[in-house]
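Chemist: The structure that follows is given in the form of structure tokens.
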Amino acid sequence: MGIPPFQAVLDAHRDDVYRFLVAAVGPGEADDCFQETFIAALRAYPRLGHASNLRSWMLTIAQRKAIDAHRARKRRPLPVEELPEQPASPAPDGEPELWAAVRRLPGKQRAAILHRYVNDLPYAEIGRIVGCSEAAARQNVRAGLASLRGAWER
Amino acid sequence: MNELERALRRGRDTEEGARRASERFLQQAERDGLLDVAYATLDSPVGLLLVAATKRGLVQIAYDDGRLPERALERLAERISPRVLERPARLDDVRRQLDDYFEGRRTGFELPLDWRLTRGFNQRVLRRTAQIPFGAVSTYMEVAAAAGSPRGARAAGNALGANPIPIVVPCHRVLHSGGGLGGYGGGLGRKQFLLRLEGALGSKPRSTPRG
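Residue numbers (our numbering), protein chains in the order written: chain A, 1221 to 1374; chain B, 12 to 222.
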């Protein structure tokens, strides 16, 4: 039994990937990142050779694309991060300051928070995707929450 | 759970956006030439059909055996490429011609075919079978002989039973020499239906075209 048709991967994981990207880079850039993520996955797919942990595999690629987007934004001449976030339609709703604060978190904390709360992943899987231990994933979520709480309650 | 955690969880309602982004991804995949197998499903008088095409042409028509489309898609992923994606627009010609055929407006198909799911003697049998005209019928013995194996009627039957592109490659037009219906990969009910649609049921087997 080989790997499943890619349509099955798209059907099963597109919502997870999109949710993660909207939260990670904002709705304005999520579509481009989504496209880059799935194109990269589709290119590599025939060489993957196994079908275990496809969700982690997809989210790992998505996370790399999100990091690229963050870097590209920092290189841009305009301080885009200071611009008001667009109303985060369709989501994240109503809390633009919160999501802006999430996007300002250090990379691993940001990713861990998003995988934990937006995609509901167990810590072990978060560790696999982010590239750290389960305990470190837990620690990243805790640290991320702590700094968000500061921004949130101000 | 506190208020902050609840707010973070509200980042989940993104289905509409995901649908839109998926559509854009599929268009890009097509532009990048990454769509190795495109497929669509359609309703027909012989039940749900899965149609699949590669860049070369129509590669498969699968009847509904109760496990459509999953099983057929898994096999395409195994045998051709795992880059299998639903892209009905890529199959517009196929779907239109099949609709026309079932509604009696068309007696032949003009579609590029990809024969890669079959080889050797089997492929020769099927290529011969593709030349049997609408309304005519042939026999297992005749198509076996035309494929270079006069005693291979049984082998020809197996080749036709495994026809990856039924209807368009009209294996339903091949009958027993004695006039019996023989077999059909999609079940005899469908074979009868297609022959009746073509006005060929009950008529005597005629010879297969030479060439």
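Where a beta carbon is used, it is the ideal one built from N, C-alpha and C, also for glycine. Since the structure is predicted, the reported quantities are computational estimates derived from the model, not experimental observations.
#1: Between the Cα of Gly197(B) and those of Arg17(B), Glu26(B), Asp75(B) and Asp125(B), spot the shortest distance and give me the residue it belongs to.
#2: Is the segment 159 to 179 of chain B touching the segment 124 to 141 of chain B, taking contact as three or more C-beta pairs under 8 Å?
#3: Tell me, which residues are paired with Ile72(B) by DSSP?
#4: Helix, strand or coil for Leu79(B), going by three-state DSSP, please let me know.
#5: Which bits of chain B does Glu1249(A) rub up against, with CB to CB less than 9 Å?
#6: Roughly how many angstroms lie between the CA atoms of Gly210(B) and Phe113(B), to the nearest whole one?
#7: Which residue wins for smallest C-alpha separation from Arg67(B), given the options Glu153(B), Val180(B), Arg138(B) and Leu122(B)?
#8: Between the Cα of Leu60(B) and those of Ala88(B), Leu109(B) and Ala164(B), spot the shortest distance and give me the residue it belongs to.
#9: Please list, in chain order, the chain A residues whose beta carbon lies closer than 7 Å to that of Val257(B).
#10: Leaving out the 5 sequence neighbours to the left and right, which residues in its chain are closer than 7 Å to Leu45(B) when beta-carbon positions are compared?
#11: From which residue to which residue does the alpha helix (DSSP H) around Met121(B) run?
#12: Tell me the DSSP secondary structure of Thr129(B) in three-state form.
#13: Which same chain residues, not among the five before or five after Arg101(B), have their C-beta less than 8 Å away from its C-beta?
#14: Between Asp1288(A) and chain B, is there a C-beta pair that is closer than 7 Å?
#15: Chain B beta carbons: is any one of them nearer than 7 Å to that of Val1242(A)?
#16: Could you check whether Asn1360(A) and Ala1332(A) sit closer than 7 Å to each other, using their CB atoms as the reference points?
#17: Using Cβ-Cβ distances below 7 Å, what residues of the segment 33 to 53 of chain B are close to chain A?
#18: Cα separation between Ala147(B) and Arg184(B)?
#19: Put Val1242(A) into one of helix, strand or coil per three-state DSSP.
#20: Could you name the residues of the same chain whose beta carbon sits closer than 6 Å to that of Arg1348(A), not counting the 5 residues immediately before and after it, in chain order?
#21: What residue from Glu14(B), Pro56(B), Ala88(B) and Glu81(B) has the CA that sits closest to Gly1269(A)'s CA?
#22: Compare the beta carbon distance of Arg1358(A) and Tyr1343(A) with 7 Å and say whether it is the shorter of the two.
#23: Spell out a yes or no on whether the segment 1236 to 1244 of chain A and the segment 23 to 33 of chain B are touching, meaning 3 or more CB-CB pairs, one atom from each, closer than 8 Å.
#24: Which class does Glu209(B) belong to by DSSP, given the choice of helix, strand or coil?
#25: Going along chain A, which residues have a C-beta under 7 Å from Ser20(B)?
#26: Going by DSSP in three states, Leu1365(A) sits in which element: helix, strand or coil?
#27: Quick one: residues in its chain with C-beta nearer than 7 Å to the C-beta of Pro1224(A), no 5 flanking neighbours on either side, listed in chain order?
#28: In angstroms, rounded to a whole number, what distance separates the CA positions of Glu1256(A) and Lys1285(A)?
#29: Measure the Cβ-Cβ separation of Gly163(B) and Ala155(B) and say whether it is below 7 Å.
#30: Which residue from Cys182(B), Ser188(B) and Gly190(B) puts its Cα closest to that of Lys202(B)?
#31: Which value, in whole angstroms, describes the spacing of the CA atoms of Thr150(B) and Ile178(B)?
#32: When we look at the beta-carbon of Gln1329(A) and count the other beta-carbons within 10 Å, is it buried (16 or more) or exposed?
#33: Which chain B residues are close to Gly1222(A), counting only those with a beta carbon under 7 Å from its beta carbon?
Modeler: Straight from the coordinates:
#1: Asp75(B)
#2: yes
#3: Val62(B)
#4: coil
#5: None at all; the shortest Cβ gap to chain B is about 11 Å.
#6: 13 Å
#7: Leu122(B)
#8: Leu109(B)
#9: Past the boundaries of the shown model lies residue 257(B); chain B is included only from 12 to 222, so the question cannot be answered.
#10: Arg94
#11: Looking at the sequence itself, residue 121(B) is Glu, so the reference to Met does not match. No alpha helix (DSSP H) holds Glu121(B); DSSP gives it neither H nor E.
#12: coil
#13: Glu41, Leu46, Ala49, Ala51 and Ala64
#14: no
#15: yes
#16: yes
#17: Ser33, Arg35, Phe36, Gln39, Ala40, Asp43 and Leu45
#18: 7 Å
#19: helix
#20: Ser1276
#21: Ala88(B)
#22: yes
#23: yes
#24: coil
#25: Note that residue 20(B) corresponds to Arg in the displayed sequence, not to Ser. Under the 7 Å cutoff, chain A gives Tyr1337.
#26: helix
#27: Ala1271
#28: 7 Å
#29: yes
#30: Cys182(B)
#31: 17 Å
#32: buried
#33: Ala88, Glu89 and Pro93
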